[in-house]
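> Numbering (UniProt numbering), first residue to last: 1 to 393. All residues carry an ideal CB built from backbone N, CA and C; glycine is no exception. Okay, handing you the structure first.
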């Protein structure tokens with residue numbers, strides 16, 4: 001079969017068209033209708049530390065199997081809850097992870113349901129928007145490894161079934177690489193890529209799964225950590241079905257076998273280079289933005305979004321418990337929710353922050369501004385990272 005037959009190509013989701021902002025839209029009503037008085041997925045949460053994952057399916061929050069934790073389809077949206085001991089209390093981080101090919105409805109539902117989960121947890125959780133192409137260190141650290149797969153629930157995607165008459169067909173090609181922007185030494189990503197020789201890169205490790213055998217191609221510049229992670233993935237793939245495994249270094253003449261299986265002609269040779277599917281894509285321009293602090297308030301009877309200060313370090317004295325504040329720290333955007341903020345202010349932060357990030361792109365003509373990290377903290381539960389961002393000179 002053709003080398004790239006194993007992937008279904010969905011439309012790539014354009015974040016600039018996100019209806020996360022559209023409070024009062026059809027999506028808003030659908031989500032509220034499906035939510036009813038209580039969300040069954042939240043029952044029993046909030047009393048014990050641990051990790052929980054859900055996928056958004058047809059406006060509903062569906063538990064993700066524990067044996068698939070760390071596996072995400074690029075056509076889907078997920079909610080991840082990490083509950084942890086915080087002194088004598090329980091702290092919570094809620095991440096809504098948005099695949100680059102998720103639908104607008106799924107992305108919007110994930111954002112709404114994240115707010116709903118926060119309310120269920122008494123409104124003290126830190127909320128994080130996670131984009132597939134720029135996962136944060138906090139998110140990556142939750143899983144032994146992250147594996148990004150093609151397809152999703154909306155596409156009804158399944159990998160090509162193996163056929164007894166075609167024992168040599170390609171089932172999947174995985175790329176194993178160090179997270180380009182992570183500070184953690186062991187932050188390695190496993191990402192499904194197009195099964196073609198153009199996907200190969202000498203800096204990474206690739207796992208080629210066929211119905212009869214698994215091949216591992218080690219680029220000549222790959223790291224020991226990438227080799228180790230690839231070995232773990234291969235181990236997982238062979239647990240249910242015993243198949244032969246062959247590991248080849250790019251420097252070995254026999255490694256040409258893998259290149260040929262991926263559709264390359266005999267005259268194709270290295271160096272093999274392909275852009276990584278995530279990370280290091282946000283331009284440095286975002287880091288040069290002036291720091292700004294905004295207030296989100298309905299004190300006047302209408303919801304207003306006004307600048308408070310610009311271009312200097314801020315402190316907690318600049319914040320007011322009665323309102324919500326949005327801090328543009330230059331390379332990230334933070335939302336601070338005051339303890340006495342109104343229900344309207346609390347509900348509006350997602351759409352206002354998303355709209356503000358969109359405006360950054362329009363003002364700077366920087367098409368990667370939408371990748372700006374976005375987090376929300378609550379008064380009295382501020383993270384050290386937020387305090388550093390607030391007080392930075």
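For chain C, is any of its Cβ atoms less than 7 Å away from the one on residue 90?
Looking for chain C here will not work: only one protein chain is present.
> Taking DSSP's pairing of strands, which residues face residue 120 in a bridge?
Here the question's residue 120 lines up with position 120 in the chain shown. Answer is none; residue 120 lacks a bridge partner.
> Contact between the stretch 337-357 and the stretch 383-391 is defined here as three or more beta-carbon pairs at a separation below 8 Å; is this criterion met?
At 8 Å Cβ cutoff, the stretches do not touch.
> Does the beta-carbon distance from residue 148 to residue 226 come in below 7 Å?
One-based indexing of the chain shown puts residue 148 at position 148. One-based indexing of the chain shown puts residue 226 at position 226. No, they are not a contact pair.
> Does the beta-carbon distance from residue 121 to residue 46 come in below 7 Å?
What you label residue 121 is simply residue 121 of the chain shown in a count that begins at 1. What you label residue 46 is simply residue 46 of the chain shown in a count that begins at 1. Yes. Within cutoff.
> Please classify residue 110: is it buried, with 16 or more other beta-carbons within 10 angstroms of its beta-carbon, or exposed?
For the purposes of this step, residue 110 is identified with residue 110 of the chain shown, where counting begins at 1. The residue in question, residue 110, is buried, as its Cβ has 16 or more Cβ neighbours within 10 Å.
> Could you give the DSSP three-state label for residue 70: helix, strand or coil?
Numbered from its first residue, the chain shown carries residue 70 at position 70. Note: residue 70 maps to coil in three-state DSSP.
> Below 6 Å CB to CB, which residues in the same chain sit around residue 91 once its five sequence neighbours on both sides are set aside?
Locating residue 91 in the chain shown gives position 91, counting from the first residue. The residues are 84.
> Suppose only complete runs of 4+ residues qualify. What are the alpha helix (DSSP H) ranges in the UniProt domain "Gelsolin-like" (190-240), listed by chain order?
224-237
> Figure out for me which residue from 153, 199, 146, 178 has the closest Cα to the Cα of residue 172.
Translated into the one-based positions of the chain shown, residue 172 becomes position 172. Looking at the Cα atoms, 199 is the closest of the given residues.
> Do you know whose CA, among 195, 240, 249, lies nearest residue 220's CA?
In the chain shown, residue 220 corresponds to position 220, counting from 1. Minimum Cα distance to residue 220 is reached at 249.
> Return the first residue and the last residue of the alpha helix (DSSP H) that residue 349 is part of.
Mapped onto the chain shown, residue 349 falls at position 349. Residue 349 -> alpha helix (DSSP H) spans 343-364.
> Using DSSP's beta-bridge definition, name the partner residues of residue 126.
In the chain shown, counting from the first residue as 1, residue 126 sits at position 126. As DSSP reads the structure, residue 126 sits in a beta bridge with 93.
> Using DSSP bridges, identify the partner residues of residue 243.
Translated into positions along the chain shown, residue 243 becomes position 243. For residue 243, which the question treats as bridged, DSSP gives no partner whatsoever.
> In three-state terms, what does DSSP make of residue 52?
As a first step, residue 52 must be located in the chain shown, where it is residue number 52. If DSSP states are grouped into helix, strand and coil, residue 52 belongs with the strands.
> Can you tell me the Cα-Cα spacing of residue 315 and residue 293, whole angstroms?
In the chain shown, the residue the question calls residue 315 occupies position 315. In the chain shown, the residue the question calls residue 293 occupies position 293. Looking at the two C-alpha atoms, the distance is approximately 10 Å.
> Go through its chain and collect everything with a Cβ distance to residue 251's Cβ below 6 Å, but skip five positions before and after it.
Within the chain shown, the letter at position 251 stands for residue 251. Within the same chain, residue 251 has close Cβ partners 220.
> What are the boundary residues of the beta strand (DSSP E) that includes residue 175?
Here residue 175 refers to the residue found at position 175 when the chain shown is read from its first residue. Taken as a continuous stretch (DSSP letters only), the beta strand (DSSP E) holding residue 175 covers 170-178.
> Counting along the chain, where does the alpha helix (DSSP H) carrying residue 182 start and finish?
Numbered from its first residue, the chain shown carries residue 182 at position 182. Note, residue 182: premise wrong, no alpha helix (DSSP H); not H, not E.
> Is the stretch 174-181 touching the stretch 96-112, taking contact as three or more C-beta pairs under 8 Å?
no
> Would a C-beta distance cut-off of 7 Å place residue 57 and residue 153 closer than the cut-off?
Reading the chain shown from its first residue, position 57 is the one you call residue 57. Reading the chain shown from its first residue, position 153 is the one you call residue 153. Yes.
> For residue 386, does the three-state DSSP call read helix, strand or coil?
Walking along the chain shown from the start, residue 386 turns up at place 386. Three-state DSSP puts residue 386 in a helix.
> Rank 144, 133, 244 by C-alpha distance to the C-alpha of residue 228 and give the top, closest one.
Translated into the one-based positions of the chain shown, residue 228 becomes position 228. Among 144, 133, 244, the Cα nearest to that of residue 228 is on 144.
> Just checking my contact of residue 197 with residue 262 at CB under 8 Å: how many whole Å lie between their CB atoms?
Indexing the chain shown from 1 puts residue 197 at position 197. Indexing the chain shown from 1 puts residue 262 at position 262. 4 Å between Cβ atoms; contact.
> Note down the Cα distance separating residue 55 from residue 265, rounded to an integer number of angstroms.
For the purposes of this step, residue 55 is taken as residue 55 along the chain shown, with counting starting at 1. For the purposes of this step, residue 265 is taken as residue 265 along the chain shown, with counting starting at 1. Their backbone Cα atoms lie some 41 Å apart in a straight line.
> Over what stretch of residues does the beta strand (DSSP E) that includes residue 306 continue unbroken?
Taking the first residue of the chain shown as 1, we reach residue 306 at position 306. Per DSSP, residue 306 belongs to the beta strand (DSSP E) from 304-310.
> Have a look at the DSSP bridge pairing and note the partners of residue 336.
Mapped onto the chain shown, residue 336 falls at position 336. In the DSSP output, where bridge partners are listed per residue, residue 336 has 325, 377.
> Are residue 136 and residue 169 close, meaning C-beta to C-beta below 7 Å?
Counting from 1 along the chain shown, the entry for residue 136 is found at position 136. Counting from 1 along the chain shown, the entry for residue 169 is found at position 169. Result no, Cβ atoms of residue 136 and residue 169 do not sit closer than 7 Å.
> Can you give the Cα-Cα distance for residue 272 and residue 202, rounded to whole angstroms?
Here residue 272 refers to the residue found at position 272 when the chain shown is read from its first residue. Here residue 202 refers to the residue found at position 202 when the chain shown is read from its first residue. If I take the Cα positions, the gap works out to 5 Å.
> Any contact of the stretch 320-339 with the stretch 288-307, i.e. 3+ C-beta pairs under 8 Å?
yes
> How is the beta strand (DSSP E) around residue 295 delimited, first residue to last?
Sequence index remark: in the chain shown, residue 295 carries index 295 (1-based). Residue 295 -> beta strand (DSSP E) spans 292-297.
> What is the DSSP secondary structure of residue 371, counted as helix, strand or coil?
Taking the chain shown and counting its residues from 1, one reaches residue 371 at position 371. In the structure shown, residue 371 sits in a helix (DSSP, three-state: H, G or I).
> Return yes when the Cβ of residue 319 is within less than 7 Å of the Cβ of residue 334, no when it is not.
Within the chain shown, residue 334 is the residue found at index 334, counting from 1. Within the chain shown, residue 319 is the residue found at index 319, counting from 1. No; because the gap between Cβ atoms is not below 7 Å, this pair is not in contact.
> If you follow the beta strand (DSSP E) that residue 77 is in, where does it begin and where does it stop?
Start at 1 with the first residue of the chain shown, and residue 77 comes out as number 77. That run of the beta strand (DSSP E) goes 77-86.
> Please return the same chain residues whose Cβ sits closer than 6 Å to the Cβ of residue 193, not counting the five positions on each side in sequence.
Residue 193 sits at position 193 when you count from the first residue of the chain shown. Excluding residues within five positions, the ones whose Cβ falls inside 6 Å are 173, 175, 199.
> Any idea what DSSP makes of residue 391, helix, strand or coil?
Here residue 391 refers to the residue found at position 391 when the chain shown is read from its first residue. Correct three-state label for residue 391: helix.
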